[in-house]
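Visitor: Numbering that gives the first Met the number 0 puts the first residue of the sequence shown at 0, with every later residue one more than the last. Note that CB positions come from ideal geometry on N, CA and C, so glycine has one too.
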Amino acid sequence: MVEKRTVLKKHIPPKRDNIVLSVGEKVEVGKEYTSNQEWKNWVWCISKNSNLTGWVPKQYLRINGNVGTVVKAYSSVELLVTNGDELTVHFYLNGWGWCTDTNDNQGWVPQENFE
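1. Does the stretch 34-54 come into contact with the stretch 93-110, if we say contact requires no fewer than three beta-carbon pairs (one atom in each stretch) closer than 8 Å?
2. So what's Tyr-91 in DSSP terms, helix, strand or just coil?
3. Are the stretch 80-87 and the stretch 57-64 touching, with three or more C-beta to C-beta distances below 8 Å?
4. How many Å lie between Leu-51 and Ala-72 at the Cα?
5. DSSP beta-bridge partners for Thr-5?
6. Would you give the residue range spanned by the beta strand (DSSP E) that Gln-110 belongs to?
7. Report the residue from Ile-45, Asn-102, Leu-86, Gln-36 whose alpha carbon sits nearest the alpha carbon of Glu-2.
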């Protein structure tokens with residue numbers, strides 16, 4: 000399902016390195032995100048390969064205790080978007096959409112920020 004959407008609310012990604020994970024990679028699994036009820040099933044992880052940190056969807060991990068094995072490749076890149084920007088949404092997950100902007104940049108945008 001690919002959809003065209005218009006941004007209604009600006010989204011500014013946090014200033015931090017992005018965690019990029021490959022299938023089979025191990026991560027240390029930390030706390031689950033609880034601040035927004037629309038954003039369930041995100042866990043804070045530390046890559047055992049790169050030591051980079053970021054929020055990862057639980058659905059992309061097989062978790063055993065505090066160690067997760069990546070079952071689907073993942074990137075935590077978020078898109079900077081402003082009101083009126085046009086996006087192509089490739090899929091939705093846990094309150095976010097994986098999107099492409101008109102400059103072919105890809106990343107996550109909160110669903111609440113677009114129509």
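Guide: According to the structure data:
1. Flag = yes, the stretch 34-54 and the stretch 93-110 touch.
2. Of the three classes helix, strand and coil, the one that applies to Tyr-91 here is strand, per DSSP.
3. As far as the Cβ criterion goes, the stretch 80-87 does not touch the stretch 57-64, which means the pair count is below three.
4. The straight-line gap separating the alpha-carbon atoms of Leu-51 and Ala-72 is approximately 15 Å.
5. As computed with DSSP, Thr-5 is found in a beta bridge with Glu-85.
6. That residue, Gln-110, is in no beta strand (DSSP E); it is neither H nor E in DSSP.
7. Nearest C-alpha to Glu-2: Leu-86.
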